[in-house]
Every structure is written in structure tokens, then in C-alpha cells.
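Asker: Protein chains in written order, with our numbering: chain W, 910 to 1176; chain B, 1077 to 1392; chain E, 118 to 449. Heads up, the beta-carbon is just placed ideally off N, CA and C, and yes, glycines get one too. Since the model is a prediction, treat every value here as computed from it, not as a measurement.
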Amino acid sequence: MNIPTLHTQKITLRYGEHTIIRDLTLDISRPEIVTIIGPNGSGKSTLLKALCRLLEPASGAVYLDSKDINKMSTEEVARTLAVMAQSANAPGGTTVEELVCYGRLPYRKFFDGLNQEDRLAIEEALEFTELGPLRTRLVHTLSGGERQRAWLAMALAQKPKILLLDEPTTYLDVHHQLELMELVVRLHNEMGLTVIMVLHDLNHAARYSERLIALKKGTIMADGPTDEVFTQSVIEELYDVKAVIMRVEANGTQYPVCFPYSVEEHD
Amino acid sequence: MKKYILLVFVVIIALAGYFLLARGQHKLAANAAVTVTDSTGAKVHIPAEPKRIVFLNASNLEIFTSIGGKAVGRPTSTSYPDDIKESIKDIPEVGMIHAPNLEKIMSLKPDLVVGTNVPFHVMLRKPLEMAGVPLYLNMINSYEDVLKSIDDFGRFAGKEKEAAAKRAQIEKEYAALTGDVQKGRGPKVLIIFGSPDSFNMSTKKSFGGDLAERLGAVNIADKAENVKDSSYIPLSMEFVAKENPDVVMLITMGGSKEILEKLRANMRDNAIWHDVNAVKNNRVYQLPPSLFTVNPGTHTIDAMKIMKEYIYGEAE
Amino acid sequence: MSNDAKTKEKMRIAVFCGLCILLVAGIFVSIGSGTVSLSVGETWAALTGEADADTDRIVNLIRLPRTIVTVLVGANLALAGCNLQGVLHNPLADPGIIGVSAGAGLFAMVIMLLFPEQSAMVPLAAFVGAVLSTGIVFFLAWEKGINPLRMILAGVAVATFFGGGMAALNVFYSDRIQGTVMWMAGGFQGRSWGHVEMLLPYSAIGIIGTILCARSLNALQLGDELAKSLGVRVMRMRTILIFLSALLAAVSVSVAGMLGFVGLIVPHIMRLLIGSDHEYLLPCAAIAGGAVVTLADTAARTLFSPLEIPVGIFMSFIGGPFFLYLLKRRMR
């Protein structure tokens, strides 16, 4: 299986007159779990949108496997990239299985029914997210955590090589947050997916990512393995706070943890 | 399942296509002997002596019946003059003027259908043609049109003699009525036509305006600029105040009493009216709906008599 | 509504079959009703060319084309409404919202009032008008693709503008306005083979095209971003779907006048019965639309024979309360 590469070349991203990101170059060329962190307004979501073709750069280009992503067909892109919805609405009356079925859209021609490959992909997606027993339930009758897994299953049915998640844990409680994150790590470990996330929670970001990209005011402040980025000086400057970085031991493993304790401006 | 759905649709559309192509056009009536030109300029092929004529509007039927014609189908209407009501009572109805029922018409097996220049009659031409039935559209917009219609219908009914007699009678009475007036030397008149949405002034292109002109009245509406070929132009109080008519006559759509009330109320309340001669001298008259809302046909003389009375203020 | 998917599937099939039966029944009733009532056998005989000359004339010249027109117009308007509600994410969308009725109405009125002797051209003029007004709405709504909100606003603006034109005509030609009322209200009197000819090609394109896009329409319901990430070309699909809706609506309004209710409410009723999966919803809405309009037209012309009530009025009175009833049931 060839490794997908995502490369942005000096991209500038704007909404109307407002420039969010200027001349940003980024390379994601190994299957890894990457998380983009940064304060509000730094451009995290904007960058993620550009990476999954939801926002076209005003200048520069995004390359997926060395091809300009905005020049590729949407179906082609959808077979390699999948985005997990943050809080989408399924039309009332959609079952879990039907929702996951949508994930096969990039592969189905006009009036095809589901073929063998489609069914297999759907089964695998349902199995991985442990939604098998819930497959005939209507999506809006599920709990928050179950629903999030359903949207994840839909993304998985696309059989992507790269999965993007925009603040997937925002509306979940602690239990379901951990559950989802564990699922994501399993995805990476078992299926070799590249995972690119935007996370609000710093500790989740540190714990579950191999690489961190710190974005401040539209530029990359730091980019590298978690240990190198998740440091006091970086965090303090990134968020304009004073913080301590500690290591917490639980269950025989050491987890990096950040504790911001007061605000302070940095230039 | 989905494939079946698509199949259903293809079948439906194919069926429709089949019926369309397989059914050819029907031929024209076998006994089309004469070609006449109707009021819209269309050339119509009609039988030399139509035996079964269906009428779509009241005024055409009125003329036809009063010269002795016997129609086999008539429109539903409340505007028939008393003298023909009895004789047409038993003729089957085919619908109101703007809603003729094609099936009903066809069930009467007509060899000629007569209507007037309104959209729903014009739209019947093609379907009737496909059934081999000619459609003759006759408009009556003026006194001359009444006379012409009498002639034409006389031929249709095979009652040329009666038609000629009727025409002669009307012309005689017309001469008597108009003998003592001079065109354009009479009083200034304004004819207001009231509809639910607006008040309008009738010009000489309308039937009422045509009669007024023949009676020698000076219709202030005819002096308006930008009139072109309109039969009615919107009522402008400024214009009325400037022209200051001596007589005002009112017609309302459908003979509606509500609209009449609205008009009268307007004249009471709107101060501009109070300076108009007609209002000052109390010479505002309502024209009887039965003669002026629908075309009076052979009763045109009666209509003219009443109008002359109002214009010149004479009794009889 | 049960959580069980199998029940849902059964329900869908049941509804679809029920609608097909209703449509076929409606067609036979329509062809069999009128000044002369025909039994099913007589109707069939007439359709296959085995009846006497009079019945043959009535069926093949009057009732058959009229019925085909009602079926197609009903299907077209229901599909157009369904499409637009899905694409514009607006449950109140109906074909009028994109300006079709405004243009058709104005141009038809111009012919009927100023050139009544050309009234045979009304469908064509109405179609031109519909295309023109829809084109203006498209143009105003374009922003690198159709912007749904702008489209709705543009539709309102265009409808108001053209409506003003119609009101003006009303004032200047108030003596002739009566002749146009029946057309404006929507109806099928005197509709014949000429109208079928006009309807067929556009209806075929519109119906088949729309059904093929059902899956994309489903994806669009998830929101633009998700749809895009699923590989749907959002802008292109939206434009195509609205264009198809415009086509279906334009040709239908040109032939039948401004028939309301069908495009707005039939899709909703169908959604209450079989859900929002457009792969089922679209075909069912089309068939239901055809059946509803055909039955309504049959009732409208037989209940007070020989007077024909305009179908649009008839359907509004029956349909509105029926929809409220369905809604109430769903709310429980």
C-alpha cells in the first residue's frame, strides 16, 4: 500500500477580504497521527478545510500524492480522504446502516446497487466502530457517543487513507471523548491510516498524537514530534498563558500533562 | 427495487409517446363548403347550411335567436334579455363564457361553434379542428358590428329574409334616433366603467363609447393622449376636472351593485367631483346593466334610446 | 414510527405499489368520467380503438390527452417541489420560489389581454416567460454556484416585479381580465394533444434526470461540506437539480396555468409517509403528484357539470386540511 502524502505549498487562505493564513508550507508524508493546536482564530479549522479540499487556496496549492487537490475530481479525492463530521444532521428516518452506506458514494455509479466491495466496506466499518447490533436503529435515536461513532463509521466506509477530524470531541463527555480517541488510535495502529486532527484539549493532543503542529495567527510556530512541541515555552507562547508541563504516571505509563495556571501576554 | 421504479417511469413515458404518435389527426368535416373570415382574421371552413350551431357567449346567441335561428347549445349566463329567455330555455348549456366545456360541446354534435375573441374560445380552435368542427369567432364592438352580425348569422341560420327585415328595422330606428343630432356637437360626456380593481373611462373603441359618439356626444375620454387603440383608459381625476363633462354615465362590470356604491361614494367624498358640471347639475346616471354590461345585440336601439335620454336630458 | 428497518422497507414498497394503483385507477376514472360515463371495459375498448365513433372521439380527442397532461403536470410539479425543498434546504420551497410562475403568468397575461386572438400561443409565451424569469433569478443568485439564500431572495424579488406587471395589466385592461382568471387559477379545460406534445420532451428530461440525481440529493441533505467530502460536486449538482426543477415547472405552468399546492405539499405528504430518502421519495412524489392532479381534475370537472371548477382552487381546499391532519398525526 503506498503511503499517501499531503503537501501544502505556500498556501494563502482567505474568507472574503480576511486573510487567515499566509504562505504556509506543510508536509505530511508518513502515516502518523498529527494534531494541529493553537488558540481561537489561529486558523486551525481553516487549515484543515484546505487540506480536505473544502477551501480553495487563494494562492499556492495543496498536493495530494503530488497532484493538485483542487484539480482532482471530488470522487477521486473522496476515495483517499475522509472527513469526520463534527455535528452533522442526518435526515430523520435514516438508519445507522444507511448512514454508513453514504460513505460508499465515491465508489458508486449512477444507478448501481451495493456490490460486494461496498458491502464488505460497510461491514468492516460497522464492526470497527462496534455498531453492528445498532445497525437498524435510526441515527437520531442514538446517544451522543453512539452517534459520533456512526459518523466515524461513515467516514471509514470510504476506505480512506487519510482521516481528518475537526474537533471531534467538543460535544462529548469525558467517557466518550476517551472512547473516541482510543478508536482513532486503533484506526491508525490497525489500518495504518494517517490521522490529522484539530483538537481543543491540549492533553488529548499530547497523549494521542505523534506529531504536533502549533499554529498561531496563521503561521506555524512549531512543528515536530510531540515531545519537542509540548513544552512549557511553546505552550506559553502559543496560548499567552503561564503553564507547567508535568508527567503523570498511571497504569504503568507516563502521560504528559499541561496545566495552564494564569494568563500572560507574549509578543 | 430502484430499477423497477425507473422501469415504471420509462413505461409511463413510452406509453404516452405511443398514444401521441399512434393517434393521428382527424380529418376536417366532410361538408365544409364555404370559407369565411371571422373577427380575428382567421379563415374558417364552414358548412353551407350549418344545422347544429353551438354558441359560447350570450350576445352572439341573442342576435342569432332573435332573427329566428335555433341553436343546439348555449352558454350559461344571466344576461339573456327577456324576449328570448323562453325560447332558449331548453337548449343544453355548455358552460360559462370563459369556461366552455369541450366535452359538452362535442356531445351536442355541432357542425359549427360560434364564440368571441376571448382566450378560452381561441384556445378551443385546435381541439375542435381535430374533431372536424369549425370555430367562428365573432366580436361585436360597435353598432356596425351588430349589423354585420345580423347579416352573417342570417346566412348561418338560413334566415336571410328575417335577418334583412330585422336589420332594416334597426336601421330605421337608428336613423330616427340620430336624425336630429350632429356628430360632435352634443354635450360633453364621461362614461365610467367600474371593475373590482379600477375605474376606467370608456373611449369610442368601446361599445358604449361608440354609441355615445353616434348620438353626437363629445366623449372626453377620446381627447386623452396616448390612447391608441384602447377601449378603456384609467380614470384620471385631474383630467376629468380639466375637461368638466356635462353628463356622467356609469357602467359596472357584471352589473355589480358594490362597485356602483363605491363609485357613488367616491363622487360624494372626493371634492374634485363637486366642481364637475355633471355632479353640480345632478346629471350622473347609471346605465342599465342588462343593456350595457353585456352587448345588447339586437336591443342596441333600446340602449341608444336610454343613453340619448341621459345625454340630452329629454324624456322619450 | 417503528425503529425497525424491515418495517420501513415494507412500508415503502406498500406505499409505492399503492400509489401506482392509485395512478392507474385515477387514469381510468379520468378517462371514464365526463358528460358521458364510461365503464372500465368501455374505456379500455376506446383506448384500443374498438369503440363506436362518438366514444372514440370523446376519449381520444378530449379525455386521453387531458389525462396525459394531468398526469405529467402533476408528476412534474411534485418532482420540482421535492427537488427544490431538498436543494434549498427549505421546506417551504415550491416551484414558484424560483420565479417560474411569475414569468409564465405575466407573459401569458400579455397574450391573453393584448392579443387574445393569438391565445393559441399562450403556452409557448408562458414558457418563454418562465425561462426568462428563472434565468434572471439564476443570474441574481449566482455566486460561483447557486447560493440558496440568494436564490430565495431573488425569487421573491422577481416574483414581486413581475407581479407588479400583472397588476398593472389588471388595471389597464380590466374589461378583459375575466378571460384570464381561469388560466391563472390553473386548470386543464380544453388541454389537448398539442399540449401533450409540448410537455413530453421536457417532462422526460426532467423526470429521468431528476431520478438519476436522487443519490446526490440525499448526500446534499448532510450539508455542503459533508457532501463534498463524500465526493459530491456540490455546486454542479445544485445547479443541475435547480435547472431540472425549473424545466419541469416551466413547462407545467405553461400548460396548466399557475397550479399551486402540488409542488409544495405533495412532497411533504410523501415525506411523512416514506421518509427523506430521495431514491424512494422522488419516484413516489412523482407518481403521487400525477395521481392527485388527475383525480382532482376529474372531480373538478364532474362535480358541478357542465361548470368546471379550476383545479387549483379545488386542490387547495381539499389538500390544505388534509396536510394539517397528516401533520397532526405525525406530531403525536
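If you follow the alpha helix (DSSP H) that B:Ser-1225 is part of, which residue opens it and which one closes it?
Answerer: 1219-1233
Asker: Whole alpha helix (DSSP H) runs in the region 248-330 of chain E with 4 or more residues, listed along the chain?
Answerer: 265-289, 295-302 and 310-329
Asker: At a Cβ threshold of 8 Å, is B:Tyr-1156 touching chain E?
Answerer: no
Asker: At a Cβ cut of 9 Å, what residues of the region 291-324 of chain E count as close to chain B, listed as they run along the chain?
Answerer: Ser-291, Asp-292, Arg-293, Ile-294, Gln-295, Gly-296, Thr-297, Val-298, Met-299, Trp-300, Gly-304, Gln-306, Gly-307, Arg-308, Ser-309, Trp-310, Gly-311, Val-313, Glu-314, Leu-316, Leu-317, Ser-320, Ala-321 and Ile-324
Asker: Using the Cα positions of W:Arg-923 and E:Ala-331, report the straight-line distance between them to the nearest angstrom.
Answerer: 33 Å
Asker: When the Cα atoms are used, what is the spatial distance from W:Leu-990 to W:Asn-1160?
Answerer: 35 Å
Asker: Checking contacts by CB at 8 Å: is B:Ile-1089 closer than that to chain E?
Answerer: With 8 Å as the cut-off, B:Ile-1089 counts as an interface residue toward chain E.
Asker: Using the three-state DSSP reduction, which class does B:Asp-1180 fall into: helix, strand or coil?
Answerer: The sequence shown places Lys at residue 1180 of chain B, not Asp. Helix.
Asker: Alpha carbons only, please: which of B:Ala-1175, B:Ala-1297, B:Ala-1124 and B:Ala-1239 is nearest the one belonging to B:Ala-1393?
Answerer: Past the boundaries of the shown model lies residue 1393 of chain B; chain B is included only from 1077 to 1392, so the question cannot be answered.
Asker: How would you write the range of the alpha helix (DSSP H) that E:Gly-203 sits in, first residue to last?
Answerer: Element bounds for E:Gly-203: 181-204.
Asker: I'd like the ranges of any beta strand (DSSP E) spanning at least 3 consecutive residues and lying wholly in the region 1097-1173 of chain B.
Answerer: 1110-1113, 1119-1122 and 1129-1131
Asker: Contact criterion: CB-CB distance below 8 Å. Does B:Ala-1207 meet it with respect to chain E?
Answerer: yes
Asker: Excluding five sequence neighbours on each side, which residues of the same chain lie with their C-beta closer than 7 Å to the C-beta of B:Ala-1109?
Answerer: Pro-1123 and Ala-1124
Asker: The ligand COA and E:Leu-358: does any heavy atom of the ligand fall closer than 7 Å to the residue's C-beta?
Answerer: Ligands displayed in this structure: none; no statement on the ligand COA is therefore possible.
Asker: Can you check whether the CB of E:Thr-160 is closer than 8 Å to the CB of E:Ile-179?
Answerer: Between E:Ile-179 and E:Thr-160, the C-beta gap is not smaller than 8 Å, which leaves the two residues out of contact.
Asker: To the nearest angstrom, how far is the alpha carbon of W:Thr-1045 from that of W:Val-1005?
Answerer: It is roughly 6 Å from the alpha-carbon of W:Thr-1045 to the alpha-carbon of W:Val-1005.
Asker: At a Cβ threshold of 8 Å, is W:Asp-1077 touching chain E?
Answerer: A small fix is needed here, since residue 1077 of chain W is Pro in this sequence, not Asp. Chain E, which has no Cβ nearer than 8 Å to the Cβ of W:Pro-1077, makes this no.
Asker: Can you name the residues of chain W whose CB is closer than 9 Å to the CB of E:Glu-167?
Answerer: Going along chain W, no residue has its Cβ under 9 Å from E:Glu-167, so there is no contact; the nearest lies around 39 Å.
Asker: Taking the beta carbon of E:Gln-306 as the centre, do at least 16 other beta carbons fall within 10 Å, making it buried, or is it exposed?
Answerer: By the neighbour-count criterion, in which a residue is buried when 16 or more other Cβ atoms sit within 10 angstroms of its Cβ, E:Gln-306 is buried.
Asker: Does DSSP classify W:Glu-941 as helix, strand or coil?
Answerer: Reduced to three states, the DSSP call for W:Glu-941 is coil.
Asker: Using a Cβ-Cβ distance cut-off of 8 Å, determine whether E:Glu-342 contacts chain W.
Answerer: yes
Asker: What is the residue span of the alpha helix (DSSP H) that B:Phe-1368 lies within?
Answerer: From DSSP, the alpha helix (DSSP H) with B:Phe-1368 extends over 1365-1368.
Asker: Within the same chain, show all residues whose beta-carbon is closer than 6 Å to that of E:Gly-262, passing over the 5 residues directly before and after it, in chain order.
Answerer: Met-352
Asker: Within 8 Å (strictly less), CB to CB, does B:Asp-1393 reach chain E?
Answerer: Residue 1393 of chain B lies beyond the range of chain B shown here (1077 to 1392); nothing can be said about it.
Asker: So which residues on chain D does E:Ile-138 lean against when the C-beta distance must stay under 8 Å?
Answerer: No chain D appears in the structure shown, which is made up of the protein chains W, B and E.
Asker: Could you work out which residues of chain B lie near E:Phe-289, taking near to mean beta carbons separated by less than 9 Å?
Answerer: Ser-1274, Asn-1276, Ser-1306, Tyr-1308, Ile-1309 and Pro-1310
Asker: For W:His-1085, list the residues DSSP reports as bridge partners.
Answerer: None, per the DSSP bridge assignment.
Asker: Would you kindly work out how many angstroms separate the C-alpha atoms of E:Ala-242 and E:Phe-224, rounded to a whole number?
Answerer: Going from the Cα of E:Ala-242 to the Cα of E:Phe-224 covers about 6 Å.
Asker: Could you check if B:Asn-1346 is buried or exposed, using at least 16 other CB atoms within 10 Å of its CB as the buried criterion?
Answerer: exposed
Asker: Give the residues of chain E in contact with B:Pro-1203, contact being defined as C-beta atoms less than 9 Å apart.
Answerer: Leu-178, Ile-179, Pro-182, Gly-307, Arg-308, Ser-309, Trp-310 and Gly-311
Asker: Among B:Lys-1338, B:Ser-1312 and B:Leu-1336, which has the Cα closest to the Cα of B:Ile-1348?
Answerer: B:Ser-1312
Asker: Which same chain residues, not among the five before or five after E:Ala-131, have their C-beta less than 8 Å away from its C-beta?
Answerer: none
Asker: Would you say the region 352-361 of chain E touches the region 198-206 of chain E, given that touching needs at least three Cβ pairs under 8 Å?
Answerer: Output reads yes: the region 198-206 of chain E touches the region 352-361 of chain E.
Asker: Taking the beta carbon of E:Thr-277 as the centre, do at least 16 other beta carbons fall within 10 Å, making it buried, or is it exposed?
Answerer: exposed
Asker: Please report whether the beta-carbon of B:Asn-1193 lies at a distance below 8 Å from any beta-carbon of chain E.
Answerer: True, the Cβ-Cβ gap to chain E drops below 8 Å.
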